[in-house]
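Report on the following structure.
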Amino acid sequence: MTGLVSGTTTDQWKHPPRQRWLYIRDLLQTLVARNMKLRYKRSIMGFAWSLLNPMAQLLVFGFVFTTVLPLNISNYTVFLFSGLLPWSWFSGALFEATEAIVGNRELIRRPGFPTAVLPIITLLSHLVHFLLALPVLLLFILTAKITLTWAVLALPLIIVVQFIFMLSLAYLLSTIHVTFRDTQYLLNILLLLGFYLTPVFYDSTAVPQRFHLIYSLNPMYHLINAYRAILLHGVWPDFVALGLVGASASALLLLGYRYFLHFSDQFVEEL
Amino acid sequence: MGAEIVVRSVGKSFRRYHPERPRTLQEAVLSGLRGLRPVERFWALRDISFSAAPGKMIGIMGANGAGKSTLLRLIGGVGRPDEGQIHVNGRIGALLDLGAGFHPDLTGRENVYINGVISGLSRREVSRSFDSIVQFAELEDFIDSPLRVYSTGMQMRLAFAIAAHAEPEVLLIDEVLAVGDISFQQKCIQRIERFKSQGCTILLVSHEPALIVDLCDEAIWLRAGTLVCHDEVAVVTDRYLSESKKETERRTRRERPAKRTANNKRSVTESLE
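Protein chains in written order, with our numbering: chain R, 928 to 1198; chain B, 601 to 873.
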């Protein structure tokens, strides 16, 4: 095989990089808007509908851990919701992004379509749901008479770090799913375990010291702590931890993206 | 306008796997990670070289499975050749897999935007040619209805109309002219001729030699992944037609004995079971 010299050079975008970038932006905007429309189209209550799942979880966990097995965490509603929302974004988006390649056969086969935007579109669509739910969280914060501080300004940073981490996983998972079609099923099990092993509904200080090292290897642990720091406690997040998570997530993203690109030529063949 | 296409000794192989190749991690683990590697490579295209001068229209013919669509996709940058190189320097428009990204629950209008952007237009370009697209598809009265109320022909008309507004320099067409009724087919052909007169380089895959003779300057004949000839359109179609005729005669003559052996085989396997 003469792998080194073979290739396709298509200068099909003829546009300078700026225009190419504008095109990608249009593509993201249009396809994310498409997902939004499809989700909310048929019900005027579409937005409320999308909140049903986190609200139901909130009710059940709230009842169990304040009444049945009291954890004695102050402002438990805000505490719980500020963990549930980022986790729902994480698990819902990753689960769906795993199918981003397999579920878009006709787009993959289209000349000039940048395959790498597909996982991004799924994550962005779920990010919009996450952002739409934030006002509800704000309502809980105000009801609980928690005062917001300037630390809230760190929110976009935390979201960006979480996005990078999720995207790196999405590239890996969607590529593996092309070959092994039970990846999504296995991911579902891992996400369920992850939900309990990440301090979503309990406080990380309750974790015994000897497990701290293992817990700290979980990026979602640091991210949820950061959300709680700025929203619940009104303090700046642990920037060192956040920086480390950001750096390792970026490295993982580079790896995941290269893995994705390496196999992307085979997607057409395998679908 | 118009761009050159150069295809230099291109080969594309597909991996052929064991029929029991694991498709899930579960099966992979149970089979002890066997059968994950391809058994052999099967060449869908081998040693294909040709070039299309700017503004030329080339017809590609050949039997089913000769590699026509694979060639068109490779030129469009979908997948990578295992051997050789392909150079295309211009914006590629494609009339293959029409209607990618269409969703039945969205209106025609919404689908035009989505499909237009997928086809390589910016949102502003779609807005600019929106009326013209709808007019071309003759769907003015339905454009705000959800796509699920459209007939298949109407959907295809909309898809072709969008693709026809992408202002390509290189156009790849794969058997999509069987779209809609005869008057719409005529309209599609006129549109393609207009692209041609504007200097667009076009590759057309078709099973209809008459269509290729009508539209193309040159023709290419593919057989089992190799290029049989590339010449003036009349020369290639003549050879192709006479060969196809011989092939048909040969097959019909073999038909009956072949059937009998197939029956024999079946009864043998049945008795074994």
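C-beta: ideal position from N, C-alpha, C; glycine also.
Beta-carbon within less than 8 Å of Leu1041/R's beta-carbon, same chain only, minus the 5 sequence neighbours each way: which residues are those? Rather than Leu, the amino acid found at residue 1041/R in this sequence is Pro. Cβ neighbours of Pro1041/R beyond the five flanking positions: Ile951 and Leu954.
Hey, does Gly635/B have any beta-carbon neighbour from chain R nearer than 8 Å? no
Residues of the region 942 to 956 of chain R with Cβ closer than 7 Å to any Cβ of chain B, in chain order: Leu949, Tyr950, Asp953 and Leu954
Excluding the five sequence neighbours on either side, which residues of its own chain have a C-beta within less than 6 Å of the C-beta of Val1079/R, listed in chain order? Ile1157
Is Gln939/R close to chain B, meaning its C-beta is less than 8 Å from at least one C-beta of that chain? Confidence at Gln939/R is low in this model, with a pLDDT of 46, below 50, so the placement of that residue should be treated as unreliable; the coordinate-derived value is given next. By this cut-off, Gln939/R is an interface position.
Is the Cβ-Cβ distance between Ala700/B and Arg947/R less than 8 Å? no
In chain R, which residues lie less than 8 Å from His618/B when you measure between Cβ atoms? Here the premise fails: no neighbours, minimum Cβ distance about 14 Å.
Consider the Cβ of Asp697/B: report whether some Cβ of chain R lies at a distance smaller than 8 Å. yes
With DSSP run on the structure shown, which of helix, strand or coil describes Thr1076/R? coil
Just verifying my parser: in three-state terms, what is the DSSP assignment at Ile1198/R? Sequence inspection shows Leu at residue 1198/R; the Ile mentioned does not correspond to that position. The answer is coil: DSSP assigns Leu1198/R none of H, G, I, E or B.
Tell me whether Trp1016/R is buried or exposed, calling it buried when 16 or more other Cβ atoms sit within 10 Å of its Cβ. buried
Output the boundary residues of the alpha helix (DSSP H) element that contains Cys788/B. Ile782 to Ser797
Could you tell me which whole alpha helix (DSSP H) segments of length 4 or greater appear in the region 658 to 698 of chain B? 668 to 675
With DSSP collapsed to three states, give me the class of His1160/R. helix
Under 7 Å from the C-beta of Asp1109/R: neighbouring residues of chain B: Thr624, Leu625 and Gln626
If we call anything under 8 Å between Cβ atoms a contact, is Thr994/R one with Ala1027/R? no
Let me know if Phe974/R comes out buried or exposed under the rule of 16 or more other beta-carbons within 10 Å of its beta-carbon. exposed
I need the DSSP call for His703/B, collapsed to helix, strand or coil. coil
Do you know whose CA, among Phe1187/R, Leu1100/R, Gly1030/R and Tyr1123/R, lies nearest Gly1010/R's CA? Tyr1123/R
Determine the direct distance from the alpha carbon of Leu1179/R to that of Met661/B, and round the result to whole angstroms. 46 Å
Residue burial classification, Phe742/B (beta-carbon count within 10 angstroms, cutoff 16): buried
Strictly by DSSP, which residues pair up with Lys612/B? Leu645/B
For Asp571/B, would you say it is in contact with chain R, using Cβ-to-Cβ distances shorter than 8 Å as the test? This structure cannot speak to residue 571/B, because chain B is shown only from 601 to 873.
Contact list for Phe1040/R against chain B, beta-carbon separation under 7 Å: Ile718
C-beta neighbour in chain B for Met928/R, strict 8 Å: With a pLDDT of 34 at Met928/R, under the threshold of 50, the predicted position of this residue should be treated as unreliable, though the coordinate-derived value follows. Cβ-Cβ to chain B under 8 Å: yes for Met928/R.
Does Arg966/R come within less than 8 Å of chain B when only Cβ atoms are used? no
Chain R contact residues for Phe614/B, given Cβ-Cβ distances below 7 Å: Glu1196
Minimum length 4: unbroken alpha helix (DSSP H) runs contained in the region 808 to 854 of chain B: 809 to 815
Looking at chain A, is there any beta carbon in it that lies within less than 8 Å of the beta carbon of Asp1192/R? In the structure shown, chain A cannot be found, because the protein chains are R and B.
Taking the alpha carbon of His703/B as the point to measure from, which residue in Arg966/R, Glu1197/R and Tyr1003/R has its own alpha carbon closest? Arg966/R
Using a C-beta cutoff of 8 Å, does Arg1155/R count as contacting chain B? no
Once you ignore the five residues that flank Glu640/B on each side, which residues in its own chain have a CB closer than 6 Å to its CB? Arg616
Just checking my contact of Leu747/B with Asn715/B at CB under 8 Å: how many whole Å lie between their CB atoms? Leu747/B to Asn715/B, Cβ: 10 Å. No contact.
Could you check whether the Cβ of Ser722/B sits closer than 8 Å to any Cβ belonging to chain R? yes
Considering only residues of the same chain and omitting the five flanking positions on each side of Thr707/B, which have a CB-CB separation below 8 Å? Ile743, Asp744, Ser745, Pro746 and Leu747
Residue burial classification, Ala666/B (beta-carbon count within 10 angstroms, cutoff 16): buried
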